[in-house]
Amino acid sequence: TTVSDMGIDVFGLNCSTGPIEMTPSVQWLDEQNEHDLLVVPNAGMPENQGGQAVYKMTPEKMSHALRDFLKQYKKVRIIGGCCGTNPLHIAALRKVIDEKDNSVEG
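The sequence shown begins at 46 in the working numbering and counts up by one.
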């Protein structure tokens, strides 16, 4: 791919979408790219409420989605949260990382 010769260590997807909408891109990159992947989605897609962007994906739903990324896509190495996430989302993602670190498949 074009980025292969740029000396990058990790290819990342950040912001713009929630994990559900990000899935096709993560899948494609996992199949095509020789680089490890970073995925940092929003807490779902924003909804306009009174002129404010509101993100409704709960920490539990987001952590389940990113757990699935880690299980399904071998090149996903870094996970996180962008817009709409809060300390509860990050704590839930930390549990996902700890579970992966303690699993047999590692």
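No residue lacks a Cβ here, since even glycine has one placed at the ideal position from N, Cα and C.
All values reported here derive from a predicted model rather than from experimental measurement.
Between Arg112 and the rest of its own chain, which residues show a CB-CB distance below 7 angstroms, the 5 nearest in sequence each way excluded? Translated into the one-based positions of the sequence shown, residue 112 becomes position 67. Only Val141 meet the Cβ criterion.
Pick from Asp54, Leu74, Asp143, Leu138: whose alpha carbon is nearest that of Pro104? Within the sequence shown, numbered from 1, the residue matching residue 104 stands at position 59. Ranking the options by Cα distance to Pro104, first place goes to Leu138.
Run of the beta strand (DSSP E) containing Asp81, from where it starts to where it stops: In the sequence shown, the residue the question calls residue 81 occupies position 36. It spans 81-85 - the beta strand (DSSP E) in which Asp81 sits, taken as one unbroken run.
Have a look at Asn131, Asn59, Gly96, Ile124 and flag the residue whose alpha-carbon is nearest the alpha-carbon of Asp143. Mapped onto the sequence shown, residue 143 falls at position 98. With distances taken between Cα atoms, Asp143 lies closest to Ile124.
Exposed or buried, what is His11 when buried is set at 16 or more other beta-carbons lying within 10 Å of its beta-carbon? Since the displayed the chain opens at 46 and closes at 151, residue 11 lies outside it and no answer follows.
Leu115 versus Lys145 - alpha carbon distance: Your numbering for residue 115 matches position 70 in the sequence shown. Your numbering for residue 145 matches position 100 in the sequence shown. Cα to Cα, Leu115 sits roughly 8 angstroms from Lys145.
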